[in-house]
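There are 2 protein chains.
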Amino acid sequence: MEKINSTQNAKIKYWKKLQTKKGRKKENKYLLEGWHLVKEALMVDAKIEYLLVTNDFRYFDDIINTEIEQVEISSEVSLYLADTSTPQGIYAVVKMEENRQLTIDNLAGGWLMLDGVQDPGNIGTMVRTADAAGLTGVIFGEGSADSHHPKVLRSMQGSQFHIQLVNADLMEVATVFKENHIPLYGSELNEDARSYREIPAAANFGLIMGNEGNGMRNDLLNTTDANLYIPIKGRAESLNVAIAAGVLMFQLKA
Amino acid sequence: MEKINSTQNAKIKYWKKLQTKKGRKKENKYLLEGWHLVKEALMVDAKIEYLLVTNDFRYFDDIINTEIEQVEISSEVSLYLADTSTPQGIYAVVKMEENRQLTIDNLAGGWLMLDGVQDPGNIGTMVRTADAAGLTGVIFGEGSADSHHPKVLRSMQGSQFHIQLVNADLMEVATVFKENHIPLYGSELNEDARSYREIPAAANFGLIMGNEGNGMRNDLLNTTDANLYIPIKGRAESLNVAIAAGVLMFQLKA
């Protein structure tokens, strides 16, 4: 097994770049960190290019038999690659799925769409919830945080292996939904909008969630079949966007 | 107005202690940080003892007319007191509400109970959601993170001023609910538990959420009228605890 002890090593520098959006986009790969997430990637047979492991990694015996190429790294290299401050000492270099084009042939099911959602923790939690609620995928519109940001990876807990993550222009997606007569719902903090409880659960639908502070873009609000509101019964000004998405997805998905 | 420029000042050292659980418990006060939260405290007439403000604080004119005692602090002192890395330069020293004893006379409404929930961000979001869903309060059981932890304060967005936050032994609380024939629900990740959709919405109820990794304690699970399960339709292993609490509270509260 190859051993790398220097953060100046060219391979390490290359993998470190995968912790940036630019690096991920260029190489179409990302770095998965921590045993829980790497184990999930191994179990679902994700396209893993390398496993990077420190020699004191606890579960070494569990991975030693895989055919995936392994590289032993020093603790110093591990810290350099890590997004967390106390890394476990295991990483996987994973190839991203190709970005899917949404057409009538693959539009079946429930879709969550993100219009400028910015907090990576919120986004990861929303993907994990979409997975749990039985949705087909999550569409990342312009202005939303990157789907493979290290914090998104941590909070989505492997759901990128279970459901589709797609980057697309949401105005174009809205047109495809409209043309195919699939209900498309927006969400807004507006008591005059339609209460989410009035909407029957369905097999196929799209649900758009907006930016944490500003909500959905107006032009997008105008393209939907209905914009939904979760009635606030207490004195809170609003709901966290991931909570709102959770309540709506479990209501809408049949 | 008093001006303090040194982190060695006795008052500053005293207020700094309020950023720890021990300090808050001893003094029965906490430090609120940032304009959004302080503004909320001013609006609801919270028991504010002092406002601490840097001289370059942007909204200085908005607070100058309050009768609350103000102290001008240097940027260095502000950074020393802050829990965030880029503080806005405003703090309020707030007196905590007295811990409430739960009796039949004040048990009306919906109550969320936390059994060993540990992540402050999750907890704050759950309090904010309980507020939005119209619950009466949140009961912090043993082993849950502190209700006035700086990160809890940030994610609950002022909901401590809207609903009750109570520290109590959940086994004793369960007994009070039982004696008064108020439905008490647990939650568990167990397909044999009762689907949450079968439970009718009600004005009065208790809902217990468990630890992120281990769920609820067994002895507490045994005291409930029913333990609820949110069916997972996809391949996610579980839901984030704050999302699960959100889905359940909006289902249960009439």
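Heads up: the sequence lines are chains A and B, in that order. Counting in numbering that gives the first Met the number 0, the first sequence runs from 0 upward without gaps. Counting in numbering that gives the first Met the number 0, the second sequence runs from 0 upward without gaps. Idealized CB from N, CA, C, for every residue including glycine. Small disclaimer: the values here were computed from a predicted structure and weren't measured.
{"query": "Which of helix, strand or coil DSSP assigns to B/E68", "result": "strand"}
{"query": "Exposure of B/Q87, with buried meaning 16 or more beta-carbon neighbours within 10 Å", "result": "buried"}
{"query": "B/V151 at chain A interface by Cβ criterion, 8 Å", "result": "no"}
{"query": "Exposure of A/E32, with buried meaning 16 or more beta-carbon neighbours within 10 Å", "result": "buried"}
{"query": "Buried or exposed by the 16-neighbour rule on C-beta atoms within 10 Å, applied to A/T223", "result": "buried"}
{"query": "Whether B/L51 touches B/V70 by CB criterion (8 Å)", "result": "yes"}
{"query": "Cβ-based contacts, 9 Å cut-off: residues of the stretch 129-144 of chain A near chain B", "result": "A129, D130, A131, A132, G133, L134"}
{"query": "Cutoff 8 Å: A/H161 Cβ touching any chain B Cβ", "result": "yes"}
{"query": "Spatial distance of B/T174 from B/A129 (CA atoms)", "result": "22 Å"}
{"query": "Cutoff 8 Å: B/R193 Cβ touching any chain A Cβ", "result": "no"}
{"query": "Alpha-carbon spacing of A/G205 relative to B/I67, whole angstroms", "result": "50 Å"}
{"query": "Given A/K150 as reference, the closest of A/L227, A/N210, A/V126, A/L113 once Cα atoms are compared", "result": "A/V126"}
{"query": "Own chain, CB closer than 6 Å to A/A253, minus 5 neighbours either side, in chain order", "result": "A200, A201, A202"}
{"query": "For B/K2 and B/A243, the rounded distance between their alpha carbons", "result": "47 Å"}
{"query": "Within chain B, the residues that A/R216 reaches when beta carbons sit closer than 9 Å", "result": "Residues of chain B passing the Cβ test: none, with the nearest at roughly 23 Å."}
{"query": "C-beta neighbour in chain B for A/T83, strict 8 Å", "result": "no"}
{"query": "Contacting residues, own chain, Cβ-Cβ under 6 Å from A/R23 (five flanking each side not counted)", "result": "L17, Y29, H147"}
{"query": "Residue-level contact to chain B via CB, A/F204, 8 Å cutoff", "result": "no"}
{"query": "Cβ of A/A241 within 8 Å of any chain B Cβ", "result": "yes"}
{"query": "Proximity to B/D218 [Cα-Cα], best of B/V246, B/D191, B/D168", "result": "B/D168"}
{"query": "Pairwise C-alpha distance: A/E236 and A/E190", "result": "12 Å"}
{"query": "Listed by chain order, chain B residues near A/V246 by CB distance under 7 Å", "result": "G245, V246, F249"}
{"query": "Closer than 7 Å at the beta carbon, the chain B residues around A/A173", "result": "The contacting residues do not exist; A/A173 stays about 24 Å from chain B at best."}
{"query": "Any chain A beta carbon closer than 8 Å to B/S158", "result": "yes"}
{"query": "For A/R153, three-class secondary structure by DSSP", "result": "helix"}
{"query": "Three-state class that DSSP yields for A/F56 in the structure shown", "result": "coil"}
{"query": "Contacting residues, own chain, Cβ-Cβ under 6 Å from B/G209 (five flanking each side not counted)", "result": "D114, M215"}
{"query": "Same chain, Cβ closer than 6 Å to B/Y79, five either side skipped, listed in chain order", "result": "T6"}
{"query": "Below-8 Å beta-carbon distance, B/G233 vs any chain A residue", "result": "yes"}
{"query": "Interface residues of chain A facing B/R127 [CB-CB closer than 7 Å]", "result": "A235, N239"}
{"query": "Contact with chain B by A/K38, beta-carbon distance below 8 Å", "result": "no"}
{"query": "Rounded straight-line distance, which links the Cα of A/R234 to that of A/A81", "result": "41 Å"}
{"query": "C-alpha distance - A/L188 paired with A/N8, whole-angstrom precision", "result": "51 Å"}
{"query": "Proximity test, Cβ basis, 8 Å: A/K252 and chain B", "result": "yes"}
{"query": "Enclosing alpha helix (DSSP H) for A/F176 [first to last residue]", "result": "169-178"}
{"query": "Counted within 10 angstroms of its Cβ, other Cβ atoms place A/P230 as buried (16 or more) or exposed", "result": "exposed"}
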